[in-house]
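Q: Residue numbers (my numbering): 12 to 214.
Supplied in structure tokens, the structure appears directly below.
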Amino acid sequence: MGRVDYLAMKTDVDTVALVNSDVEELKIAAKKLVSDVTKLGGLAFGVSFLKWLACCSAIYLLILDRTNWRTKILTSLLIPYIFLSLPHVVFHFLSGDVGKWIAFIAVVLRLFFPKHFPDWLELPGSLILLLVVAPSFLVHHVRGTWYGSFISLFIGCYLLQEHIRVSGGFRNSFTQPRGVSNTLGIILLLVYPVWTLIVRVSL
């Protein structure tokens, strides 16, 4: 009996040692990945590329929601996600005079010609309004910071779990024809904030 207990304890110690060694190997692999990306073009290039990719993916999901492939997830959460992940060039362009004119026309159409204001313009109009009227605190202290990355990550995780729940499980979200495109789009939403947080931790 004592022999069996001794063997069980030894196995437990070996398991812990194996897990620790695996974790160390993962840390080394992550450090190598970061250093290789730095050599290839810098971390800033990776972050900006993923920011464009995430923003395009969010816009794609918005467009997809207005087609026959509509889902039951809360796509209005994509508006703050786009606000937080929109590249600086596009953000400053749309938050300037161009965005103000677009927002003005959208408000006039919505107020005085509601029958001619299509439903699919509701969310894009809300995005333009958000870009134009956002307080400087949100623009300078939330976008591009830890807070913005955590909010984007939370939105992506929430949309993914909602999509999996609506699809009827993880497997169905990848096997149903309508679910695959939404699943891939939502997964791309997660890549940018995760990579941004990794870069901030590693620096």
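Every residue gets a Cβ at the ideal spot worked out from N, C-alpha and C, and that includes glycine.
Out of Ile-175, Leu-208, Phe-123 and Glu-35, which has the shortest C-alpha to C-alpha gap to Thr-156?
A: Taking the sequence shown and counting its residues from 1, one reaches residue 156 at position 145. Nearest C-alpha to Thr-156: Leu-208.
Q: Taking the alpha-carbon of Tyr-203 as reference, which of Leu-164, Phe-181 and Gln-187 has the nearest alpha-carbon?
A: Indexing the sequence shown from 1 puts residue 203 at position 192. Of the listed residues, the one whose Cα sits closest to Tyr-203 is Leu-164.
Q: Reducing DSSP to helix, strand and coil, say where Thr-156 ends up.
A: Counted from its first residue, the sequence shown places residue 156 at position 145. Here Thr-156 sits in coil by DSSP.
Q: Smallest Cα separation from Phe-148: which of Leu-95, Lys-43 and Tyr-71?
A: Here residue 148 is taken as the residue at index 137 of the sequence shown, counted from 1. Among Leu-95, Lys-43 and Tyr-71, the Cα nearest to that of Phe-148 is on Leu-95.
Q: Tell me whether Leu-105 sits in a helix, a strand or coil according to DSSP, three-state version.
A: Counting from one through the sequence shown, the residue named residue 105 turns up at place 94. Leu-105 falls in the helix class under three-state DSSP.
Q: Tell me, please, whether the region 113-128 touches the region 84-91 by the rule of three or more beta-carbon pairs shorter than 8 Å.
A: no
Q: Grab the span of the alpha helix (DSSP H) containing Arg-77 for me, first residue to last.
A: As a first step, residue 77 must be located in the sequence shown, where it is residue number 66. That residue, Arg-77, is in no alpha helix (DSSP H); it is neither H nor E in DSSP.
Q: With a threshold of 16 other CB atoms inside 10 Å of the CB of Ile-39, please say whether the residue is buried or exposed.
A: Locating residue 39 in the sequence shown gives position 28, where the first residue counts as 1. Looking at its Cβ environment, which holds fewer than 16 other Cβ atoms inside 10 Å, Ile-39 is exposed.
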